[in-house]
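Step one of this worksheet: look at the structure below.
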């Protein structure tokens, strides 16, 4: 997609949040959960419709390619049979010299060729009509897709503005009741969608220190670990249902529930680099999908009562510290 989008990183504010509260409604986890999840997914329906249109357009292009090949094959058969028919027809009554049986066989052969040519011509016409219909359908889909892209872009801009204002207001209110010593860090991730012009075009390894955050808007993060993992991960506290996006283009290597990780999506970014997004409330991709940068892969879950995303970065089978990659 070539239309301008918001930068995935946008303006990212990283600040130490001075909070060491007991579990009250003002803690980062509870404050994040009280925010309206719908505000973090203003363009969700439009994005899903856009994704459906993209899949439909891709399927239509594949069908059009198949129809083109079938039409070329039918035309080649028509030409070949036509040449044979003309050559045999020019023979006229010559087969009579071979007797009545030879003449009848010659006439039957000509009739069969004529019938086959007729079928080939009819098939060519049918394939041509189907190609025209499909071509018009693809043009219609492209028009709808372009309109929807504009809608998604506008919603992403509105969503980012709304989240920034709401999150800053909440953070300001909490600042007066907090004390020093929090293990959390506040980060802001800008809203994006697939096809953002600021999408990283280089390999995953070049993004160390500037990797985009997977959640739009303000999140409270802290270092965490899951059983069986050799290294640390990050827990990102955000409202249940918040959209989780691919931080870099890749292929879905795993999309299912797994032990203590819960619903999990693993993306293979090439070069031995993987990202693990776990504790998801929903999974919106399947194994084998090629996902561009910024694609929604699921939503934040709250299975144990605390809505958060668990995130890991792995190089091969080794888990590395994700904070270094995000530059925090």
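Residue numbers (our numbering): 713 to 1040. For every residue, glycine included, the Cβ atom is placed at its ideal position computed from N, Cα and C. Here the structure is a predicted model, which is why all the values come from computation and not from measurement.
Other residues of its chain near residue i: CB distance less than 8 angstroms, five sequence neighbours each side excluded
i            : result
residue 984  : 1027 and 1028
residue 833  : 790
residue 775  : 846
residue 973  : 938, 988, 990, 991 and 1022
residue 836  : 783, 786, 787 and 790
residue 801  : 822
residue 970  : 976 and 990
residue 1036 : 920 and 921
For residue i, the three-state DSSP class (helix, strand or coil)
i            : result
residue 959  : coil
residue 954  : coil
residue 1039 : coil
residue 938  : coil
residue 977  : strand
residue 703  : It is not possible to answer for residue 703, since the shown part of the chain is limited to 713 through 1040.
residue 835  : helix
residue 923  : coil
residue 1005 : coil
residue 1000 : coil
residue 914  : coil
residue 1017 : coil
residue 929  : strand
residue 982  : coil
residue 968  : strand
residue 856  : helix
residue 995  : strand
Cβ-based neighbour list, residue i, same chain, cut-off 7 angstroms, excluding 5 preceding and 5 following
i            : result
residue 829  : 790, 793, 794 and 797
residue 967  : 977, 995, 997, 998 and 999
residue 856  : 765
residue 1011 : 953, 954, 955, 956, 992, 993 and 994
residue 923  : 959, 1037 and 1038
residue 839  : 779, 782, 783 and 786
residue 842  : 779
Delimiting residues of the beta strand (DSSP E) encompassing residue i
i            : result
residue 1023 : 1020-1027
residue 1031 : 1030-1032
residue 1009 : 1008-1012
residue 947  : 945-949
residue 987  : 985-990
With 16 other Cβ atoms within 10 Å as the buried cut-off, status of residue i
i            : result
residue 914  : exposed
residue 952  : buried
residue 762  : buried
residue 1007 : buried
residue 844  : exposed
residue 658  : The first residue shown for the chain is 713 and the last is 1040, placing residue 658 beyond what the model contains.
residue 848  : exposed
residue 760  : exposed
residue 1019 : buried
residue 799  : exposed
Close Cβ partners of residue i (< 6 angstroms) along its chain, the five nearest in sequence each way excluded
i           : result
residue 746 : Low per-residue confidence applies at residue 746: pLDDT is 42, beneath 50, and the placement is therefore not dependable, though the value from the model is reported in the following sentence. No residues qualify anywhere along the chain.
residue 957 : 926, 1006 and 1008
Residue i Cβ short of 7 angstroms to the ligand HEM heavy atom set
i           : result
residue 795 : The ligand HEM is not part of this structure, which contains no ligands at all.
Quick test of the definition: if touching needs 3 or more C-beta pairs under 8 angstroms, does the stretch 756-769 touch the stretch 817-836?
no
For the stretch 934-942 against the stretch 952-970, do three or more pairs of beta-carbon atoms, one drawn from each stretch, fall closer than 8 angstroms, so that the two count as touching?
no
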